[in-house]
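In terms of the UniProt record's numbering, the sequence shown has 305 at position 305, counting the first letter as 1, and numbering is strictly consecutive. Glycine residues also receive a C-beta, built at the ideal position from the N, C-alpha and C atoms. Below is one structure; the comments refer to it alone.
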Amino acid sequence: MAAFRSFGSWSSLCIKASSASNYLHNTTVQRRYAQGVVQSASFLMQQRERKRKRDHKKKKPKINQWIYKNIPGNLKLRSTYTDWPSVFTGPQSYNPATIPVLFRMGRMKHNKYGQDRPKGAIGNIELSKIPTFFHLAPPAVERHCQALKSLCTEWPSNLDHSSVPLRVTTKNYLFAGPSLHHPGSRVVKLQVYLRDLVLDDHARKKLIELVEDRYDPETDELTIVTDRCPTRKQNRDYAMYLLSVLYHESWKTEPWEAEANKEEAESDDEDEEEIMQLKKKPKKPRPLKLINGELYRVNKFGKYFKLFINEKD
């Protein structure tokens, strides 16, 4: 019985020892496995980093960097030997490849390092939105003037306006823009001298009162400007209609005009009488005082002025 107990205790000790050795073996294996995983992951990360650096060296630079490093020939233009009108033949948006001036435009990025300045000209969309006037440089304007000089004639010095009593003036605009329509092209100015119209004294006076400040008394000219209609033809027709209405209306005599003329005549007579009375009003004698045998004049402020009398020989 005692032998059996000793054998049982011995077997239990052996089982415990084997389980402890198995535990130690398992922990060692796990530790080595973890170290291997860490080393392999580190190796893979280092390998990927080396590959990324190699790819970055082989990668093409950005277009902005490439253009700045490889400046095209147009950016190397010089005013001494470059024909600017041939380069900028017409209106066009800003193009850094053809215009030898590099600008900066845009919002500054304060939250990013190294980008505290506006964006450069290359690849900048904001600069393409602004119209440029590089095609209107002084050499280009001078060349245009020389080309048009042969087509121009002198303005006639002696114009006979008697043959053209009615003058209509319009303006045509030629400009560089997205639309060929200009709002000022629809404005029509009609001019006529009142001496060229058949008017009596009553009609002339009434016409001048109707047009108000559109009549120039120095030149005896009536000017009508129309710009209410959307087209030039409509404004021209409207100006002719206004002139016709004013002319026919000035010849009409209403019943109230006779009464108004009487009142105006009476008021004019009264005004003339008042003016005559003011002219005939005697002047007040100047206040004079004799002080110590000398004559003094006193003004309205009570100040004395000595008077001298010139005696002729």
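Measuring alpha carbon to alpha carbon, tell me which residue in the options is nearest residue i.
{"i": "TYR247", "options": "HIS202, ARG167, THR89 and LEU159", "result": "HIS202"}
{"i": "LEU197", "options": "GLU218, LEU243, ASP227 and LYS300", "result": "LEU243"}
{"i": "ASN292", "options": "PHE301, GLU218, LYS300 and LYS306", "result": "LYS306"}
{"i": "PHE175", "options": "ASP227, GLU209, ARG167 and PHE133", "result": "PHE133"}
{"i": "ASP227", "options": "ALA137, ARG31, HIS182 and ARG50", "result": "HIS182"}
{"i": "PRO91", "options": "ALA140, MET108, ALA41 and ARG117", "result": "ALA140"}
{"i": "ILE122", "options": "VAL225, PRO85, VAL101 and ARG204", "result": "VAL101"}
{"i": "ARG138", "options": "PRO85, LYS300, GLN46 and PRO156", "result": "For the sequence presented, residue 138 should be read as Pro rather than Arg. It is PRO85."}
{"i": "PRO230", "options": "ARG186, PRO287, PHE308 and LYS51", "result": "ARG186"}
{"i": "ARG167", "options": "VAL225, TRP256, MET45 and GLU257", "result": "VAL225"}
{"i": "PHE301", "options": "VAL245, GLU294 and PRO287", "result": "PRO287"}
Pull up the DSSP beta-bridge partners for residue i, would you.
{"i": "PHE305", "result": "ARG297"}
{"i": "ILE224", "result": "LEU190"}
{"i": "THR89", "result": "According to DSSP, which records beta bridges pairwise, THR89 is partnered with nothing at all."}
{"i": "LYS289", "result": "TYR296"}
{"i": "ARG167", "result": "GLN191"}
{"i": "residue 314", "result": "Because the chain here runs from 1 to 313, residue 314 falls outside it and cannot be looked at."}
{"i": "PRO183", "result": "Partner(s): none; PRO183 has no beta bridge."}
{"i": "PRO131", "result": "SER93"}
Beta carbon of residue i, beta carbon of residue j: below 8 Å?
{"i": "ARG232", "j": "THR170", "result": "yes"}
{"i": "LEU207", "j": "SER250", "result": "yes"}
{"i": "ARG195", "j": "ASP160", "result": "no"}
{"i": "HIS135", "j": "PHE103", "result": "no"}
{"i": "LEU199", "j": "VAL211", "result": "no"}
When the Cα atoms are used, what is the spatial distance from residue i to residue j?
{"i": "SER128", "j": "SER93", "result": "5 Å"}
{"i": "ASN172", "j": "ILE130", "result": "25 Å"}
{"i": "GLU126", "j": "MET105", "result": "7 Å"}
{"i": "ARG297", "j": "TYR304", "result": "6 Å"}
{"i": "ARG48", "j": "ARG31", "result": "26 Å"}
{"i": "THR153", "j": "GLU218", "result": "31 Å"}
{"i": "ARG54", "j": "ALA41", "result": "20 Å"}
{"i": "THR253", "j": "SER157", "result": "43 Å"}
{"i": "LEU13", "j": "GLY36", "result": "In this predicted model, LEU13 has a pLDDT of only 49, less than 50, meaning its place in the structure is not dependable; the value taken from the coordinates is given anyway. C-alpha separation (whole angstroms): 35 Å."}
{"i": "MET45", "j": "MET108", "result": "37 Å"}
{"i": "VAL164", "j": "ASP213", "result": "23 Å"}
{"i": "GLU257", "j": "TRP155", "result": "47 Å"}
- Message: Is it the case that the region 233-246 contacts the region 186-193, given that we only count it when at least three CB pairs across the two stretches are under 8 Å?
- Response: yes
- Query: Is it a yes or a no for the region 141-157 touching the region 93-106, going by three-plus beta-carbon pairs under 8 Å?
  - Reply: no
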